[in-house]
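Structure record follows, encoded as structure tokens.
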Amino acid sequence: MAGALGMSTRTFVIFNLAGSALWAGSGIALGIIFHRQIQSLLTVLGELGNAALVVVAMALGLYIALRLYRRLRLSRIKARLPQMLPAELAQRMREGAPVVVLDVRAVGAGLVLSEGIAGALRIDIAALERDCPMDWPTDALVVTYCACPNDASAVKAAQSLNKRGRKAHVLNGGIEGWVRAGLPLEAVQSVD
């Protein structure tokens, strides 16, 4: 990440050392501040014995069940949305068919996505949900893509567009699927 930000080695080392000191120091400081409470908690857990293990196992099971539910829900939504393979999209683009390709990959602080699918418009999902730029050609096929597991952001964007009456497809496999298919990447344009 330091390389992507163009950070010098000296600056990186200084920030890395400061971050390491803060990380280690915060754990030690919390231990010193809350040592009585931690000791009390350990005593209570020791007295509960197996019941404490059951409570922890139930909490872990609930967390796993919630994650599975979310994944299944996303899979169901994705299954209802029209999808497109990278080769299909590339073929349509080569044929000159009207296509609007939306890059909905999340951008972290200080990071810039410089490459994406040729002609893709970089757009933030929150902006897309707030005020969708519907000045795209009405006959154009809209395709969303991201770099998320299960195309999560692309599914969310396509679902938002579909709710607004604009049929949108999800690029199956996202940007990774595009690259795996051996298709080229180009500079990404931003939508303001």
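All the letters of the sequence shown, read from the start, carry residue numbers 61 to 252 under the numbering used here.
Ideal placement from N, C-alpha and C gives every residue a C-beta, glycine not left out.
Where DSSP assigns a beta bridge to residue i, which residues make up the other side?
i       : result
Asp-163 : Arg-182, Tyr-205
Glu-175 : Ala-247
Gln-143 : Val-230
Just verifying my parser: in three-state terms, what is the DSSP assignment at residue i?
i       : result
Gly-233 : coil
Ala-81  : helix
Gly-91  : helix
Met-67  : coil
Leu-108 : helix
Ala-214 : helix
Ala-200 : coil
Arg-156 : Inspection of the sequence shows that residue 156 is occupied by Gly rather than by Arg. Correct three-state label for Gly-156: coil.
Arg-190 : helix
Ala-241 : coil
Arg-224 : coil
Relative to the alpha-carbon of residue i, which residue among the options has its alpha-carbon at the smallest distance?
i       : options                            : result
Leu-201 : Leu-221, Leu-113, Met-67, Thr-103  : Leu-221
Arg-152 : Glu-246, Thr-71, Leu-231, Glu-236  : Leu-231
Ala-247 : Ala-178, Tyr-205, Glu-189, Gly-233 : Ala-178
Ile-185 : Ser-174, Glu-175, Ala-218, Arg-70  : Ala-218
Ile-137 : Lys-223, Gly-237, Arg-154          : Lys-223
Val-203 : Ile-88, Ala-180, Val-167, Leu-77   : Ala-180
For the ligand NAP, is there any heavy atom lying closer than 7 Å to the beta carbon of residue i?
i       : result
Asn-210 : Because no ligand of any kind appears in the structure shown, any question about the ligand NAP cannot be addressed here.
Mind reading off the beta-carbon distance from residue i to residue j? Whole number of angstroms is fine, and I expect it under 8 Å.
i       : j       : result
Pro-146 : Ala-241 : 4 Å
Ile-235 : Arg-182 : Contact flag wrong, Cβ pair sits at about 12 Å.
Leu-243 : Ala-150 : 5 Å
Asn-210 : Leu-128 : Actually they are not in contact, since the Cβ atoms of Asn-210 and Leu-128 sit about 13 Å apart, beyond 8 Å.
> Do the segment 196-216 and the segment 152-168 make contact, defined as three or more Cβ pairs closer than 8 Å?
Replying inline: Yes, they touch.
> Is it a yes or a no for the segment 213-232 touching the segment 140-157, going by three-plus beta-carbon pairs under 8 Å?
Replying inline: Counting C-beta pairs with one atom in each stretch, the segment 213-232 and the segment 140-157 have three or more that are closer than 8 Å, which means they touch.
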